[in-house]
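Take a look at the structure set out below.
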Amino acid sequence: MARMATALGGSAVGGRTMSCNLDAPANAISVCRDGSQVAVAGRNIFKVYAIEEEQLCEKANLRVGRKPSLNLSCADVAWHQAEDNLLATAATNGAVVTWNLGKQSRNKQDQLFMEHKRTVNKVCFHPVELHILLSGSQDGSMKCFDLRRKESVCTFSGRPLTELDVGGEGRGAGEIGLKLAEASG
Numbered sequence: 001m002a003r004m005a006t007a008l009g010g011s012a013v014g015g016r017t018m019s020c021n022l023d024a025p026a027n028a029i030s031v032c033r034d035g036s037q038v039a040v041a042g043r044n045i046f047k048v049y050a051i052e053e054e055q056l057c058e059k060a061n062l063r064v065g066r067k068p069s070l071n072l073s074c075a076d077v078a079w080h081q082a083e084d085n086l087l088a089t090a091a092t093n094g095a096v097v098t099w100n101l102g103k104q105s106r107n108k109q110d111q112l113f114m115e116h117k118r119t120v121n122k123v124c125f126h127p128v129e130l131h132i133l134l135s136g137s138q139d140g141s142m143k144c145f146d147l148r149r150k151e152s153v154c155t156f157s158g159r160p161l162t163e164l165d166v167g168g169e170g171r172g173a174g175e176i177g178l179k180l181a182e183a184s185g
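Position 3 of the sequence shown, counting from 1, maps to 3 under the UniProt record's numbering, and the rest follow consecutively.
Take a look at the structure:
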């Protein structure tokens with residue numbers, strides 16, 4: 001079994017190290033803004049854990065159904081910075097998926113964007129424009145999705161991306177800084 005260990009500096013765990021056994025290897029983790037939950041994603045795992053006083057407790061297994069789809073094979077996961085129930089994942093089949101943990105149904109999938117042609121390596125929410133979701137893919141494109149329109153609003157093309165970092169600090173409203181790292185080879 002894979003094992004997850006994380007040292008979180010937030011008030012929820014006071015800087016202590018916590019760990020739990022996972023059902024499968026993880027590719028990415030994301031901690032929600034208040035440090036009370038962590039999302040764990042990988043090829044065969046997509047779970048949310050509550051960070052409690054002494055342990056990590058499974059809160060939701062998002063790989064539900066008899067035949068889990070390739071949309072659940074995650075390369076990255078990101079928690080929305082303002083909406084505690086909103087997550088985004090980058091899938092190995094090129095899908096970008098948003099998840100709403102507040103949905104009453106068993107299936108928490110919210111929106112599905114199938115615009116990339118290859119594995120999506122990275123997803124992140126815009127630090128200022130809360131309805132914007134960015135993705136970087138091995139198809140050489142970075143897409144900017146408007147969650148209100150349910151579609152991409154712009155695409156940047158180039159070489160395959162392995163890293164996408166968006167920062168809003170120290171910039172004016174609506175401005176972002178992008179750091180793109182190309183795949184080697």
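Glycine included, each C-beta is placed from N, C-alpha and C at the ideal position.
What you are looking at is a predicted structure, and each value in this text was computed from that prediction instead of being measured.
- With a 10 Å radius around the Cβ and a threshold of 16 neighbouring Cβ atoms, Asp34 comes out exposed.
- Rounded to the nearest whole angstrom, the C-alpha separation of Leu22 and Ser157 is 36 Å.
- When the alpha-carbon of Phe46 is set against those of Glu54, Ala60, Glu53 and Glu52, the nearest one is in Ala60.
- Under the DSSP assignment, Glu58 falls in the beta strand (DSSP E) whose first and last residues are Leu56 to Asn61.
- Taking a C-beta distance under 8 Å as the contact criterion, Ser135 and Trp79 do not qualify as a contact pair.
- DSSP, reduced to helix, strand and coil, places Thr119 outside both helices and strands of the structure shown, so it counts as coil.
- Annotation for Ser73: no beta strand (DSSP E) segment contains it, and DSSP assigns it neither H nor E.
- Annotation for Leu86: the continuous beta strand (DSSP E) segment containing it runs Leu86 to Ala91.
- Collapsing the DSSP output to three states places Ser105 in coil.
- About 5 Å separates the Cβ atoms of Arg148 and His131, confirming a contact at the 8 Å cut-off.
- Here Ser105 is exposed. Its C-beta has fewer than 16 other C-beta atoms within 10 Å.
- The beta carbon of Asp146 is closer than 7 Å to those of His131, Ile132 and Val153 in its chain, skipping five residues each way along the sequence.
- Scanning its chain for C-beta atoms nearer than 7 Å, with the 5 sequence neighbours on each side dropped, one finds around Thr119 the residues Ala75, Thr92, Gly94, Ser137 and Gln138, in chain order.
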